[in-house]
Amino acid sequence: MSHASVAPPNFSWVEPQKLAGLACPSESRHYKFLVENGIKHLVCLLESKPPKYDTCPELILHHISIVDFTPPSLPQILRFLSIVEEANAKGE
């Protein structure tokens with residue numbers, strides 16, 4: 001079995017090298033890909049934390065639990081924006 005990194009499903013840059021969107025990573029090699037591509041923060045919007053997230057300690061997980069098939073609340077949106085703004089301010 002290869003230990004090479006692989007992009008998570010539906011990975012794409014929203015703003016190159018600053019903000020990406022992706023489906024939930026499910027394998028260690030997905031997290032490795034994120035780190036290798038300069039990503040330091042992963043914001044999970046699922047009800048539960050993503051599988052195997054703890055296999056990559058270089059990646060900081062921010063979990064904003066949103067009930068499946070419902071829109072985020074205003075406080076959840078503001079928390080997401082705060083995470084992005086703080087990371088950008090640190091050059092991350």
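Residues 1 to 92 (the UniProt record's numbering) make up the sequence shown, in order.
We put the CB at the ideal spot given by N, CA and C, even for glycine.
To which residues of the same chain is residue i closer than 6 Å at the C-beta, ignoring the five residues directly before and after it?
i, result
"H30", "P8"
"C44", "P50, H63"
"P72", "I66"
"A87", "H41"
What do you get for residue i, buried or exposed, if any count of 16 or more other CB atoms within 10 angstroms of its CB means buried?
i, result
"K49", "exposed"
"L46", "exposed"
"P25", "buried"
According to DSSP, what are the bridge partners of residue i?
i, result
"C56", "Partner(s): none; C56 has no beta bridge."
Note down, in chain order, each residue of its chain lying with its Cβ closer than 7 Å to the Cβ of residue i, except the 5 sequence neighbours on either side.
i, result
"K32", "S5, C56"
"Q17", "G38"
Tell me which same chain residues have a C-beta within less than 8 Å of the C-beta of residue i, skipping the five on either side of it?
i, result
"M1", "Reliability of the predicted coordinates at M1 is poor, the pLDDT of 48 falling under 50, and no value is obtained from them."
Between the Cα of residue i and those of the options, spot the shortest distance and give me the residue it belongs to.
i, options, result
"E92", "L59, T70, L74, I77", "L59"
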